[in-house]
Amino acid sequence: MSGGDRKKRACDRGQGWEEAGAEFYQESYPAAIEADLQQALQRDPSHIATLLPSKKSRVATAKRIRNDTKTTLRRRTSTRSRGTTTSRRMSTNIHDAAVSMLPDLSENLSNEERTWEEIMQIKAMPVCMAQKIQLKNQLQSATKLRLQGFEQLKWQRRKAWQQFRIRMKEAYSKMELWNDSLKTIGGNFGMGIVAYFLFIKWLLYLNVLLFGIIFLFIVLPATLLDMPEDETCVNSNNSHSISCCSELYWNITQESGNIAGMLEYTLLFYGAYSHMTYTSGIFFNLPLSYISATVGVFIFSLVAIVKSAAKSFKQRVVENEGQFYQYCNLVFGGWDYCIHNEKSAAIKHKALYNEMKAFLEAERLEEERQNRTREETTKLFLMRLFINLIVLAVLCGCGIFIYYIFEFSFNQISPQTDETNITDSHLSLNRIVHLFFEFLPYMCIVILNFAVPSLFRYLVSLENYSPSFVIRITLFRTVFLRLSSLIVVLTSFYRLIVTEVKDNECTNNTSKRPLCWETFVGQQFFKLYITDVFFQFFMTFFINFPRSLIAKHTENKVLRFFCEQEFDLPKHVLDVVYLQTICWLGLFYAPLLPLIAIFSTFVLFYIKKFACLVNSTPSSKIYRASKSNAFFMLILLISFILFTVPVGYSIAEIEPSKSCGPFRGFKSVWSLLIVVFAEFPDWLQSILYFLGTAGFGVPAFIILTLLLYYYYAVSIANKHMVTVLKNQLVLEGHDKQFLLNRLSAFIKQQQDQNKYHQEQANELGTFS
Amino acid sequence: MGVGKSQFSEEELQAYQDLTYFTKKEVLHAHQKFKALAPEKVGHNRNAKLPMSKILQYPELRANPFGDRICKVFSSSQDGDCTFEDFLDMMSVFSDAAPKAVKAEHAFRIFDFDGDDMLGIGDLRQVVDRLTAPQRLNETDMQQVLQYILDEADLDDDGALSFAEFEHIIEKSSDFSKSFCIRL
Numbered sequence: 001m002s003g004g005d006r007k008k009r010a011c012d013r014g015q016g017w018e019e020a021g022a023e024f025y026q027e028s029y030p031a032a033i034e035a036d037l038q039q040a041l042q043r044d045p046s047h048i049a050t051l052l053p054s055k056k057s058r059v060a061t062a063k064r065i066r067n068d069t070k071t072t073l074r075r076r077t078s079t080r081s082r083g084t085t086t087s088r089r090m091s092t093n094i095h096d097a098a099v100s101m102l103p104d105l106s107e108n109l110s111n112e113e114r115t116w117e118e119i120m121q122i123k124a125m126p127v128c129m130a131q132k133i134q135l136k137n138q139l140q141s142a143t144k145l146r147l148q149g150f151e152q153l154k155w156q157r158r159k160a161w162q163q164f165r166i167r168m169k170e171a172y173s174k175m176e177l178w179n180d181s182l183k184t185i186g187g188n189f190g191m192g193i194v195a196y197f198l199f200i201k202w203l204l205y206l207n208v209l210l211f212g213i214i215f216l217f218i219v220l221p222a223t224l225l226d227m228p229e230d231e232t233c234v235n236s237n238n239s240h241s242i243s244c245c246s247e248l249y250w251n252i253t254q255e256s257g258n259i260a261g262m263l264e265y266t267l268l269f270y271g272a273y274s275h276m277t278y279t280s281g282i283f284f285n286l287p288l289s290y291i292s293a294t295v296g297v298f299i300f301s302l303v304a305i306v307k308s309a310a311k312s313f314k315q316r317v318v319e320n321e322g323q324f325y326q327y328c329n330l331v332f333g334g335w336d337y338c339i340h341n342e343k344s345a346a347i348k349h350k351a352l353y354n355e356m357k358a359f360l361e362a363e364r365l366e367e368e369r370q371n372r373t374r375e376e377t378t379k380l381f382l383m384r385l386f387i388n389l390i391v392l393a394v395l396c397g398c399g400i401f402i403y404y405i406f407e408f409s410f411n412q413i414s415p416q417t418d419e420t421n422i423t424d425s426h427l428s429l430n431r432i433v434h435l436f437f438e439f440l441p442y443m444c445i446v447i448l449n450f451a452v453p454s455l456f457r458y459l460v461s462l463e464n465y466s467p468s469f470v471i472r473i474t475l476f477r478t479v480f481l482r483l484s485s486l487i488v489v490l491t492s493f494y495r496l497i498v499t500e501v502k503d504n505e506c507t508n509n510t511s512k513r514p515l516c517w518e519t520f521v522g523q524q525f526f527k528l529y530i531t532d533v534f535f536q537f538f539m540t541f542f543i544n545f546p547r548s549l550i551a552k553h554t555e556n557k558v559l560r561f562f563c564e565q566e567f568d569l570p571k572h573v574l575d576v577v578y579l580q581t582i583c584w585l586g587l588f589y590a591p592l593l594p595l596i597a598i599f600s601t602f603v604l605f606y607i608k609k610f611a612c613l614v615n616s617t618p619s620s621k622i623y624r625a626s627k628s629n630a631f632f633m634l635i636l637l638i639s640f641i642l643f644t645v646p647v648g649y650s651i652a653e654i655e656p657s658k659s660c661g662p663f664r665g666f667k668s669v670w671s672l673l674i675v676v677f678a679e680f681p682d683w684l685q686s687i688l689y690f691l692g693t694a695g696f697g698v699p700a701f702i703i704l705t706l707l708l709y710y711y712y713a714v715s716i717a718n719k720h721m722v723t724v725l726k727n728q729l730v731l732e733g734h735d736k737q738f739l740l741n742r743l744s745a746f747i748k749q750q751q752d753q754n755k756y757h758q759e760q761a762n763e764l765g766t767f768s
Numbered sequence: 001m002g003v004g005k006s007q008f009s010e011e012e013l014q015a016y017q018d019l020t021y022f023t024k025k026e027v028l029h030a031h032q033k034f035k036a037l038a039p040e041k042v043g044h045n046r047n048a049k050l051p052m053s054k055i056l057q058y059p060e061l062r063a064n065p066f067g068d069r070i071c072k073v074f075s076s077s078q079d080g081d082c083t084f085e086d087f088l089d090m091m092s093v094f095s096d097a098a099p100k101a102v103k104a105e106h107a108f109r110i111f112d113f114d115g116d117d118m119l120g121i122g123d124l125r126q127v128v129d130r131l132t133a134p135q136r137l138n139e140t141d142m143q144q145v146l147q148y149i150l151d152e153a154d155l156d157d158d159g160a161l162s163f164a165e166f167e168h169i170i171e172k173s174s175d176f177s178k179s180f181c182i183r184l
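Chains H and G supply the protein sequences, listed in that same order. Number 481 in UniProt numbering belongs to position 481 of the first sequence; there are no gaps in the numbering. Number 53 in UniProt numbering belongs to position 53 of the second sequence; there are no gaps in the numbering.
This is the structure in structure tokens:
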């Protein structure tokens with residue numbers, strides 16, 4: 001920096017000081033504000049409260065800027081020092097402006113980085129664009145320090161990063177899926193429903209990532225690497241060795257003519273993957289890769305869900321007093337500003353009105369509940385007990401029904417496979433019947449999933465619960481139904497699969513265990529998935545769509561009542577979560593299921609969009625975007641955790657089939673990992689072994705407990721602090737109120753006195 | 001986009017990008033939307049001032065019960081007539097990228113009908129009335145709702161919400177930042 005330059009700046013500074021001095025006096029006792037005050041007081045002495053700094057938003061200051069452009073330059077400095085902190089922003093007014101004056105002058109020489117930061121801050125200011133531009137120009141033309149060396153580099157890097165982020169954002173928004181769809185849905189149904197569609201989008205991305213992992217580690221190697229041939233059966237002396245069983249299986253799949261048979265030996269299912277290790281050139285252990293990829297997918301899903309759930313959970317904690325703000329929430333955050341359709345707007349108005357009424361009603365109900373007589377309470381209790389018993393019976397009945405249907409259809413299929421083999425499948429009718437029996441259980445499950453919730457919805461209306469509880473309990477029962485049907489499916493598989501396989505057999509023939517049970521299970525999940533998606537499609541376009549058409553064009557009230565449908569959010573959430581759960585369940589046995597899931601989630605978005613925009617009328621219930629997202633994630637998390645257990649069990653305990661898949665010959669899938677572990681270098685083994693001993697476990701447990709307790713204590717203390725501060729705030733408010741009252745009373749008194757004096761003087765004047 | 005581009009220089013776009021929560025592309029997109037409101041006027045002068053009635057043709061504002069208030073708050077001449085720059089300001093505040101504090105500040109001004117920098121009983125009553133529009137809460141219900149709102153939010157018991165109190169509420173409401181959004 002040259003000497004001349006510095007001198008000039010020093011000179012600048014000197015002038016600045018003088019100028020500032022003058023300004024300072026003007027600002028501390030500004031005539032305009034004084035006049036303001038006087039005026040306000042004259043109008044209404046009790047109005048003084050509105051002049052307090054804490055009562056002003058930044059807008060008030062901004063307004064003044066607008067009126068008085070000459071002081072904008074000075075004002076600029078005050079906005080600058082205000083920075084990002086909201087707390088300081090609050091306290092803008094006369095006083096603040098004066099105070100911020102002083103430090104600001106001393107650091108008049110702001111450097112480039114600060115100026116740049118301030119320019120970036122301008123956008124947050126509530127002034128009009130012309131003023132923003134003016135401010136920016138002023139900031140840019142002001143003399144500033146050039147950054148030197150490393151600082152300059154750092155700043156440049158920050159600037160480049162910002163640029164890059166903007167560019168990324170632009171690219172991302174171009175790529176963003178379904179933006180227009182979301183906008184239309186938001187315009188018609190509000191943000192609560194948009195949250196649901198965002199959830200579908202999230203699941204789509206999740207499935208893409210899951211598929212990516214599986215594709216990279218399982219499918220790609222299996223197709224690219226030419227796995228070494230297994231030794232042939234002839235060479236081995238035992239006719240039930242792994243290789244012979246594999247050959248047997250291979251032959252059977254080639255012969256059978258049905259669709260499932262054709263699909264059996266494709267990469268879609270577990271059975272087709274080799275158990276050999278690729279060693280020529282590069283070393284690749286496919287079985288190890290298979291199991292690690294599966295475990296990786298599950299961990300990845302868990303992390304993704306938990307991260308997303310934690311985000312909404314954090315929000316919930318911040319708002320945990322939110323329920324005490326229900327009216328404010330409704331009034332200030334109730335309107336969806338994205339609604340652009342007059343009809344939806346009318347419905348929204350009505351919904352808000354109803355909601356307000358409902359809140360007031362709930363308040364009254366609460367009172368009534370406390371005044372309920374003993375007799376009524378008993379009656380209600382009995383009613384609820386009775387209905388809960390019915391629900392339980394229905395759930396059990398469904399479970400048993402599904403179980404027997406499974407047995408039945410499996411029994412129907414097995415003899416037929418032999419038949420088709422013999423008759424060489426020339427009877428097409430026979431094949432259709434076969435296909436029908438194959439899909440029969442899944443159709444039953446899907447239909448039950450559709451029919452029983454309607455029954456539940458009817459039953460719950462008899463129970464006289466509060467509206468919010470009704471939603472929760474219906475949902476809870478429906479979740480239970482869906483999950484229990486899946487559990488029944490799993491148990492029926494389990495009974496089929498878990499049998500002792502003797503050394504001299506490829507599989508247990510007496511219990512009809514399939515040669516390759518993993519592929520069999522994979523196929524079942526595959527069928528369930530496909531059936532469900534197809535059913536969604538069918539219901540939406542062939543049942544609900546005509547219903548909505550009838551509802552729109554009929555005058556008949558009864559018909560209309562039955563045909564009109566609202567977008568029932570909990571049901572649709574369950575549909576999606578259920579599909580995703582099946583995807584997770586089947587993933588190990590059918591590695592390409594995520595690919596199917598990607599397609600069907602994509603299609604499902606459009607199915608649901610149609611169901612929402614065309615079939616349904618906007619709901620009279622208000623779904624809150626924030627709450628619903630947390631709720632979606634919670635349901636997803638519950639079903640994920642519930643159904644990793646059976647998958648984990650099957651990996652750890654059940655013996656893989658001898659004739660197919662990457663794990664043939666092992667006692668369980670997990671034992672592969674034990675074998676791999678034994679190949680680790682000694683030091684790693686001993687470290688890992690140490691991690692498993694009590695010597696490490698107990699201290700780790702104690703430390704973790706202590707940490708947990710520490711955070712618990714901190715959170716308790718914080719909570720306490722919050723209440724203390726809140727009380728203090730209220731007390732301060734009272735104090736202020738008191739002082740203001742005294743002040744205004746005093747001013748009024750003085751005014752009266754003045755008036756009195758004046759009158760007296762006037763009187764004197766007239767007398768004399 | 002070609003027409004839109006020719007109406008702005010690269011520097012102007014850069015300035016708009018720096019001063020709003022939009023990228024250059026979005027600024028142009030916003031201008032398209034603005035132009036669609038009155039093609040012939042904006043075609044001549046890209047920053048033409050459109051009367052409030054024209055601005056209220058914008059679908060989201062037309063459906064909004066506070067449409068006129070929004071126009072007034074963002075209008076640089078404070079009478080509800082908006083230039084493109086005012087419109088851009090408006091859309092920037094309503095965009096996803098704008099932080100909660102900025103949104104809260106403008107929401108406060110929108111709800112502050114009488115402009116006294118406080119949300120008093122009168123303001124709140126008007127807000128509730130506009131929200132329920134064709135229907136009206138009867139007087140006792142209205143009284144009760146207003147009372148509940150003040151019970152919840154009015155920390156210093158002065159019978160009105162100051163900006164600090166309003167922002168405190170908004171901080172705790174996650175719905176607000178999601179619903180106070182207009183997608184361009």
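Just so it is clear, CB atoms sit at the ideal spot from N, CA and C, and this is done for glycine as well.
Going along the chain, which residues of its own chain have a beta-carbon closer than 7 Å to the beta-carbon of Ile654/H, five neighbours each way excluded? Ile497, Val498, Ser668
Have a look at Gly695/H, Leu209/H, Phe562/H and flag the residue whose alpha-carbon is nearest the alpha-carbon of Ile299/H. Leu209/H
Roughly how many angstroms lie between the CA atoms of Pro662/H and Ala652/H, to the nearest whole one? 15 Å
So Gly733/H and Asp157/G are supposed to be a Cβ contact under 8 Å. How far apart are they, rounded? 6 Å
Is DSSP giving Asn111/H helix, strand or coil here? strand
Specify the secondary structure class of Phe300/H as computed by DSSP and reduced to three states. helix
Have a look at Arg167/H and Leu13/G and give me their C-alpha separation to the nearest angstrom. 14 Å
Does any residue of chain G bring its CB to less than 8 Å from the CB of Lys748/H? no
Among Gly115/G, Lys49/G, Thr140/G, Phe111/G, which residue has its Cα nearest to the Cα of Ser77/G? Lys49/G
Quick one: using the 10 Å Cβ neighbour count with 16 as the cut-off for buried, is Phe164/H buried or exposed? exposed
Run down chain H in chain order and give the residues with a C-beta less than 7 Å from the C-beta of Leu155/G. Leu729, Val730, Gly733
In the DSSP assignment, what residue or residues form a beta bridge with Phe284/H? Tyr278/H
Since I believe Ser657/H is in contact with Glu518/H (beta carbons under 8 Å), could you give me their beta-carbon distance rounded to a whole number of angstroms? 6 Å
Name the chain G residues that come within less than 7 Å of Asp568/H, Cβ to Cβ? None at all; the shortest Cβ gap to chain G is about 21 Å.
Please check if any C-beta of chain H sits within less than 8 Å of the C-beta of Gln144/G. yes
Closer than 8 Å, Cβ to any Cβ of chain H: which residues of the UniProt domain "EF-hand" (99-134) of chain G, in chain order? Pro99, Ala101, Val102, Glu105, His106, Ala107, Phe108, Arg109, Phe111, Asp116, Asp117, Met118, Leu124, Val127, Val128, Leu131, Thr132, Ala133, Pro134
What residues from the region 24-45 of chain G come within 9 Å of chain H, judged by C-beta to C-beta, listed N to C? Lys24, Lys25, Glu26
Hey, Leu161/G and Leu119/G: beta-carbon distance below 8 Å or not? yes
Does the Cβ of Gln750/H have 16 or more other Cβ atoms within 10 Å, making it buried, or fewer, making it exposed? exposed
Closer than 8 Å by C-beta to Lys159/H: which residues in its own chain qualify, once you throw out the five before and the five after it? Chain order, please. Trp116
What's the gap between the Cα of Phe408/H and the Cα of Leu483/H? 21 Å
Taking any Cβ of chain H, which residues in the region 64-82 of chain G have a Cβ under 7 Å from it, in chain order? Asn64, Pro65, Ser76
Roughly how many angstroms lie between the CA atoms of Ser628/H and Pro570/H, to the nearest whole one? 9 Å
Chain G within 8 Å of Ile473/H, Cβ atoms only: no
Between the alpha carbons of Lys54/G and Leu585/H, how many angstroms are there, rounded? 56 Å
Look up Leu225/H in the DSSP assignment and say whether it is helix, strand or coil. coil
Closer than 9 Å at the beta carbon, the chain G residues around Ala345/H: Arg62, Ala63, Asn64, Pro65, Ala133
State yes or no: is the C-beta of Val194/H within less than 8 Å of the C-beta of Ile200/H? no
In or out: Lys608/H buried (at least 16 other Cβ within 10 Å) or exposed? buried
Relative to the C-alpha of Leu360/H, which candidate in Tyr148/G, Ile170/G, Lys172/G has its C-alpha closest? Tyr148/G
Only counting the same chain, and skipping five residues up and downstream in sequence, which positions put a Cβ closer than 6 Å to that of Asp96/H? Caution applies to Asp96/H, whose pLDDT of 41 falls short of 50 and renders its modelled position unreliable; the value that the coordinates give is listed next. So no residue of the chain qualifies.
Per DSSP, the bridge partner or partners of Thr617/H: Glu566/H
Quick check: what's the CA-CA separation for Tyr196/H versus Ser181/H? 13 Å
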